[in-house]
Amino acid sequence: MKNRLISFLKFTWFPVLVVTAWQFVSSNAANPFFPAPTKIYAATKYVFTAQWVTQSLATSLYTIFAGYLIGSLLGLVFGSIFGSNNLLREIFTPITNFMRSIPSPAKIPVIIALFGIGLSSRITTVAIAVLFPVLLTTMRAIATTDSHLLDYSKILKFGYFRSLIQVRIPAATGEILAGLQVALQIAVLVMVVSEMLGSGKGLGAFVIRAQATYMITDMWVGILTIGVVGLILTEGFGFLERKLAPWYFSSKGIK
Amino acid sequence: MNLVSKLSKYLAIGLLSFLIWEAAALVVRGAGFPHSWNVAEEITSLVKTSSFWADFAATIWISTSGFLLGILVALLLGLLIGLNKNIEISARGTLNFIRVIPSVVLLPLLIASIGSSARTAVILSAFVVASTFITYVIRGIADTEKQLIDTSRLIRLPQYAQIFFLYLPSTISLLGTGMRLSASRAFGTAVTAGIVAGTPGLGARLYMAQANSDVNRVFAYVFAMGFTGVVIYSLFTRLENRLFKWKISV
């Protein structure tokens with residue numbers, strides 16, 4: 618019990634110190650860009666009573682879930698197909714590499730120029746941003762399956778699909794999960810940027826509008842809300858991967 | 163692989179990309195998806211203008227200064243945090259939180275407080291690089307071999323010598339990977355700041371092209387960014403292979 622308290626304190630003293638110092642400094646100095654944490658907290662309560670703010674939050678979450686789901690599913694399916702075939706992999710590796718080298722937010726104007734900035738466009742931008750990193754890591758992970766394992770699956774006369782699903786994909790789990798995790802952070806980034814670019818919807822739009830109308834405290838509420846969304850998604854991902862891929866964690870001895 | 167088969171491979175890839183592109187152009191024709199030759203034409207006329215190269219230089223300048231600044235901050239903070247177990251534990255939660263916040267939400271704050279000049283983009287790039295790279299520094303220090311640490315204590319190696327001859331060399335293979343990732347992110351952030359905040363460089367031009375619904379130009383800029391991204395990536399891969407050839411591979 619006492620040990621627990623000490624380790625809890627070790628984790629929390631620094632953020633607590635920062636917030637306290639911030640509170641102290643900001644209530645003494647008149648810097649308009651860093652309102653006191655108590656002010657931000659007070660603002661949070663009235664900001665979230667506005668209906669369009671809660672709607673913004675819902676829109677953002679919907680965008681990110683739909684886009685991430687579509688993009689990562691496509692990436693996993695095509696990555697598995699390309700990765701398990703040498704010719705396809707040779708052909709698609711440079712193409713995927715090029716597409717991934719384009720900074721993900723730069724793909725957004727392309728989609729806007731073609732389809733406008735509605736909800737389905739924003740979901741498409743998230744899906745495209747997620748697709749290429751997932752495709753690339755899946756392709757690489759599937760292609761580098763331990764050759765002994767493939768030999769065994771040949772001896773057992775596994776067909777293409779059986780060896781893909783029962784041998785290659787389980788063996789590639791670690792790398793694929795790492796790729797999915799990176800893609801999740803990209804998804805949050807692209808969701809925010811696509812909302813900032815004139816859509817008028819979502820948390821990104823809320824932050825940009827608060828800045829443009831000089832509502833600095835509201836802007837801080839938006840920034841911190843996006844941060845918390847990012848944190849919850851990342852933590853949720855970690856929780857889910859332990860639930861969904863327990864064989865990977867037990868084989869690595871990670872708890 | 164011999165030259166002929168290599169050439170034919172790239173030819174096949176080129177042809178296939180062309181076909182995929184034109185298929186996409188056919189499907190999304192109504193929305194104005196351009197033909198590949200129209201975009202090629204736009205690119206060739208774009209690279210002949212001096213303003214393109216000025217924008218390109220601005221983006222590279224912003225990415226480079228953001229990169230260097232971020233690496234420096236990450237090295238200093240990383241050493242401070244990584245060399246002390248207690249500080250490391252205290253900083254862990256805060257660092258995790260900073261990492262999951264998409265850096266672009268800080269842009270409105272930067273725009274409101276210091277405007278949207280090149281400096282804004284440099285600061286944001288440096289922030290992104292520092293928060294990426296510091297993880298690698300701390301992990302590298304934590305992975306230093308215990309025996310070497312004990313030996314260095316035994317022979318009473320002074321602290322600065324431990325840092326330069328023990329911790330930094332042992333982190334170097336990780337730092338190579340971290341630098342490659344950081345360089346890509348520095349470039350990506352420079353572009354993003356341009357798109358969102360209009361800071362000078364390719365990103366702002368891309369946004370303007372989109373605002374004018376000049377689809378060919380949008381594609382041309384995105385292509386230029388893709389090429390730059392590939393060049394940065396391969397430059398750092400090559401640098402990594404050359405500089406860290408001697409690293410101990412386990």
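The listed protein sequences correspond, in order, to chains U and S. Counted the way the working numbering counts, the first sequence spans residues 618 to 872. Counted the way the working numbering counts, the second sequence spans residues 163 to 412. Note that CB positions come from ideal geometry on N, CA and C, so glycine has one too.
In the three-state reduction of the DSSP assignment, U:N703 falls in the helix class, which pools H, G and I. The beta carbon of U:G844 falls within 8 Å of a beta carbon belonging to chain S, placing the residue at that interface. Between U:S701 and U:I759, the C-beta gap is smaller than 8 Å, which places the two residues in contact. Contact of U:E707 with chain S is assigned, a C-beta pair being separated by under 8 Å. Around S:T313, the same chain offers no residue with a beta carbon nearer than 7 Å, after the five sequence neighbours per side are excluded. Taking 7 Å as the cut-off between beta carbons, the residues of the segment 181-207 of chain S near chain U are V190, A193, G194, F195, in sequence order.
With respect to S:I263, U:G684 sits apart: the two C-beta atoms are not nearer than 8 Å.
In summary, the residues of the segment 831-864 of chain U whose CB is separated from some CB of chain S by less than 7 Å are I833, M836, I840, I843, G844, G847, L848, T851, in the order they occur in the chain.
Take the alpha-carbon of U:F775 and the one of U:G696: they are about 20 Å apart.
Every alpha helix (DSSP H) of 4 residues or more that sits fully in the segment 170-208 of chain S is shown, in chain order, as 198-208. Between S:G356 and S:G363, the gap from beta carbon to beta carbon is short of 8 Å.
Closest by C-alpha distance to U:Q668, out of U:K818, U:L806, U:A789, is U:K818. In this structure, DSSP gives U:D763 a state outside helix and strand, which the three-state scheme calls coil. Per DSSP, U:Q783 is not a residue of any alpha helix (DSSP H), being assigned neither H nor E. S:I325 sits close to S:L241, with the two beta carbons spaced by under 8 Å. For S:G363, the three-state secondary structure derived from DSSP is coil. Against chain S, the CB of U:I745 has no partner CB under 8 Å away; the residue lies outside that interface.
For U:Q798, no Cβ of chain S is located within less than 8 Å of the residue's own Cβ. Any Cβ of chain S closer than 8 Å to the Cβ of U:P652 would place that residue at the interface, and such an atom is absent. By the C-beta density criterion, S:I317 is exposed, having fewer than 16 other C-beta atoms within 10 angstroms.
At least one beta carbon of chain U lies nearer than 8 Å to the beta carbon of S:A174.
In this structure, the straight-line span from the alpha carbon of S:G365 to that of S:A283 is close to 11 Å. Under the three-state reduction of DSSP output, U:Y769 falls in the helix class. Along the segment 665-690 of chain U, none of the residues has a CB nearer than 8 Å to a CB of chain S.
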